[in-house]
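The structure appears below as structure tokens.
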Amino acid sequence: MKSLLQIQILTIFLVTGLNLHAANKPGQEVLDTGTIQQQLDFVISKSSTYENYKVIRIAWINKLKNHVSDSLEKANKLIAYNYQLFTTQKDEYDSLASAMQQTQVQLKNAIQEKNTLKLLGVPMSKQSYNGIVWILILALSVLLVILFLAFKRGHAILKSTRQELNELKDTFEAHRIRAREREEKMARKHLDEVLKYKSKMGIN
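Take the sequence shown: its letters are residues 1010 to 1213, numbered as in my numbering.
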């Protein structure tokens, strides 16, 4: 019995030594430089397989967890920045829309005038006045369109970033749940094997 126990202990040390040697093999730089998806693929593909389960190193899981947390923090900062940009552009858009509306009111009043018109106290013909006003309206319209497109683009970026963040959270959560379930199954199976071995050897 002692001989069998010594063989088992020696086997455990040999397996542990092989795993530690494998941990130093090249290719693990992807855990520091790769994307989250690349890191997940590396952890899954490089983890050893026991029957139908994957045995994942705690160091890899912890490193992946830290990288995911960093990615989430960066994504949250990007969302906050885009939201601030979105708010600023919306305020500018509203301000220009209000200015354009006021200009249109002024244009309507100017058209109704029959006599000489004044712009900022300067008398001028109706045609000159109308030309200046329309130029202002055109310039404001172009600027309004530009700001609207920028606002729309910022909104699209914000929406895309939120979607990517949610997908990243879902992927990590699913992977974490699967890893925990595999660890629990492995622990239960190991306990069953130990109990079976003790029962077979007559150990209480």
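Note that beta-carbon positions come from the ideal geometry of N, C-alpha and C, so glycine has one too.
Let me confirm a value: residue i is counted as buried when at least 16 other C-beta atoms fall within 10 Å, else exposed. Which label applies?
i	result
Gln1172	exposed
Tyr1138	buried
Val1052	buried
Leu1200	exposed
Leu963	No answer is possible for residue 963: it lies beyond the span of the chain, which begins at 1010 and ends at 1213.
Val1154	exposed
Ala1031	Any reading at Ala1031 needs caution, since the residue's pLDDT is 41, under 50, leaving its predicted position unreliable; the model's value is listed next. Ala1031 is exposed by the Cβ-count criterion.
Lys1198	exposed
How close, in whole Å, do the beta carbons of residue i and residue j come, if the pair is a contact with beta carbons under 8 angstroms?
i	j	result
Ile1070	Ala1183	Rounded, the Cβ-Cβ distance is 14 angstroms, inconsistent with contact.
Leu1105	Leu1152	6 angstroms
Leu1167	Ile1088	7 angstroms
Leu1040	Lys1072	5 angstroms
Ile1045	Leu1177	6 angstroms
Met1210	Tyr1059	In fact, because the Cβ distance is near 23 angstroms, the residues do not count as touching under 8 angstroms.
Thr1112	Val1142	7 angstroms
Ordered along the chain, which non-local residues of its own chain (more than five positions away) have a Cβ less than 7 angstroms from that of residue i?
i	result
Ala1108	Leu1149
His1076	Ile1045 and Gln1048
Arg1191	Tyr1062 and Lys1063
Leu1145	Thr1112
Tyr1206	none
Name the two residues that bound the continuous alpha helix (DSSP H) containing residue i.
i	result
Ser1054	Ile1045 to Lys1055
Gly1163	Lys1135 to Met1210
Leaving out five residues on either side along the sequence, give the residues of the same chain with a beta carbon under 8 angstroms from the beta carbon of residue i.
i	result
Gly1163	Asn1091, Leu1094, Phe1095 and Gln1098
Asn1085	Leu1174
Tyr1102	Leu1153, Leu1156, Phe1157 and Phe1160
Gly1043	Phe1051
Please list, in chain order, all residues of the same chain as residue i whose beta carbon is under 6 angstroms from its beta carbon, the five residues on each side excluded.
i	result
Ser1057	Val1064
Phe1181	Val1077
Arg1185	none
inquiry  = With a threshold of 8 angstroms, are at least 3 pairs of Cβ atoms found where one atom belongs to the stretch 1078–1097 and the other to the stretch 1055–1068?
reply    = no
request  = Take every Cβ of the stretch 1035–1046, pair it with every Cβ of the stretch 1156–1168, and state whether three or more of those distances are shorter than 8 angstroms.
outcome  = no
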